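Reading through the structure tokens given below for one structure.
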Amino acid sequence: MKKSILEGRQTLKEAIDQVAEVAGYLWQKGWAERNGGNITINITEHIDTEIEALPAISPVYPIGTTLPALKGCYFFCKGTNRRMRDLARWPMENGAVIRILDDCASYEIVADAPVKPTSELASHLAMHNQMIESGNGYRAAIHTHPIDLIAMTHNPAFLEKDVLTNLLWSMIPETRAFCPKGLGIVPYKMPSSVELAEATIEQLHEYDVVMWEKHGVCAVGPDIMEAFDQVDVLSKAAQIYLTAKSMGFEPTGTTQEQMDELKRAFNL
Ligand code: 13P
Ligand code: ZN
Numbered sequence: 003m004k005k006s007i008l009e010g011r012q013t014l015k016e017a018i019d020q021v022a023e024v025a026g027y028l029w030q031k032g033w034a035e036r037n038g039g040n041i042t043i044n045i046t047e048h049i050d051t052e053i054e055a056l057p058a059i060s061p062v063y064p065i066g067t068t069l070p071a072l073k074g075c076y077f078f079c080k081g082t083n084r085r086m087r088d089l090a091r092w093p094m095e096n097g098a099v100i101r102i103l104d105d106c107a108s109y110e111i112v113a114d115a116p117v118k119p120t121s122e123l124a125s126h127l128a129m130h131n132q133m134i135e136s137g138n139g140y141r142a143a144i145h146t147h148p149i150d151l152i153a154m155t156h157n158p159a160f161l162e163k164d165v166l167t168n169l170l171w172s173m174i175p176e177t178r179a180f181c182p183k184g185l186g187i188v189p190y191k192m193p194s195s196v197e198l199a200e201a202t203i204e205q206l207h208e209y210d211v212v213m214w215e216k217h218g219v220c221a222v223g224p225d226i227m228e229a230f231d232q233v234d235v236l237s238k239a240a241q242i243y244l245t246a247k248s249m250g251f252e253p254t255g256t257t258q259e260q261m262d263e264l265k266r267a268f269n270l
């Protein structure tokens with residue numbers, strides 16, 4: 003059997019193990035029906051000359067957009083149509099390592115198997131391109147389908163700038179502390195489209211989490227666990243909101259004064 007690219011590469015293996023762990027959480031949370039959601043991580047820091055010399059195991063595919071900061075970068079990506087619950091158990095069979103080519107507009111698969119990357123690759127790679135350009139050191143992007151947060155985007159009032167951010171912050175103080183930038187909103191766009199990718203990175207200038215109206219959420223972070231944590235914290239706040247509503251009352255929420263106090267105390 004062909005050996006995995008992970009063999010003898012401890013730090014790369016740890017990064018992929020973390021992806022698998024988060025993929026399991028997404029399934030357990032009920033956010034990952036069928037193939038729902040996708041994960042990509044920038045693994046360029048783990049690449050050695052042996053990997054650089056690996057031949058492509060796929061044709062060259064277009065990204066659909068040109069992303070100058072990604073020249074020569076390597077990513078691990080969930081495969082399109084692959085299940086999160088399978089990625090959790092067998093990451094290298096349900097994802098692939100890709101290499102961005104010198105034109106910054108195309109890629110090829112180099113390991114372990116020719117698994118075609120997620121259909122949301124344009125959005126993921128556009129997010130990575132922006133993270134590199136900003137120099138924030140972030141290496142992970144996640145897209146998932148949390149029931150509570152998606153349901154909230156079906157209310158037009160919540161789609162106005164920062165309405166949802168303030169509502170969710172006011173449900174429990176930790177939300178503000180651990181998701182200090184809040185969440186941006188992208189009006190409904192065709193899944194997998196370059197338009198969706200462009201609208202997403204526009205919001206990313208201001209936020210680390212972006213809601214895709216009536217579809218899902220995207221989050222970025224230094225690693226995949228931290229990107230997941232931001233969505234988890236927001237989903238918890240959404241759960242508190244809807245639990246109060248289902249008990250038959252409108253939750254009061256913490257006051258603006260209490261939130262301002264928190265902002266000062268935690269230097270947010
Ligand atoms: P993929 O299976 O192509 O990753 O698509 C899942 C998804 O959530 C699309 O938005
Ligand atoms: Zn989706």
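Numbering-wise, my numbering comes out as the position in the sequence shown, counting from 1, plus 2.
Yeah, the Cβ is synthetic: ideal placement off N, Cα and C, and Gly gets one too.
Since this is a predicted model, take the numbers as computed values, not measurements.
For W33, which residues from the same chain have a beta carbon less than 6 Å from its beta carbon, with the 5 sequence-adjacent residues on both sides left out? T146, H147 and P148
Taking the straight line between their C-alpha atoms, what separation do you get for T13 and D210? 25 Å
Tell me whether T256 counts as near the ligand 13P, meaning its Cβ is closer than 7 Å to at least one heavy atom of that ligand. no
From N131, P189 and L170, pick the residue whose C-alpha is nearest to that of P253; which is it? L170
Use the C-beta contact count for Y190: other C-beta atoms within 10 angstroms, 16 or more gives buried, fewer gives exposed. exposed
Outcome for K80 when other beta-carbon atoms lying within 10 angstroms are tallied against a minimum of 16: buried
Simplified DSSP assignment, three categories, for P189: coil
Between which two residues does the beta strand (DSSP E) containing R36 stretch? No beta strand (DSSP E) holds R36; DSSP gives it neither H nor E.
Do the CB positions of A143 and C220 come within less than 8 Å of each other? yes
Cut-off 7 Å between Cβ atoms - residues of its own chain near I65, not counting five sequence neighbours on either side: A107, S108, Y109, L123, A124 and L127
CB-CB length for K179 against M86, believed under 8 Å: The residue asked about is misnamed: residue 179 is Ala in this sequence, not Lys. Contact doesn't hold; Cβ gap of about 28 Å is too wide.
Check whether the Cβ of G81 lies closer than 7 Å to any heavy atom of the ligand ZN, and answer yes or no. no
Any idea if H130 is buried or exposed, counting beta-carbon neighbours within 10 angstroms, 16 or more meaning buried? buried
May I ask you to check if the CB of H217 is nearer than 7 Å to at least one heavy atom of the ligand ZN? yes
Whether K238 touches I174 by CB criterion (8 Å): yes
Does N96 come out as helix, strand or coil in the three-state DSSP assignment? coil
On the DSSP letters alone, give me the boundaries of the alpha helix (DSSP H) that Y140 sits inside. Unbroken run through Y140: none, as it is neither H nor E.
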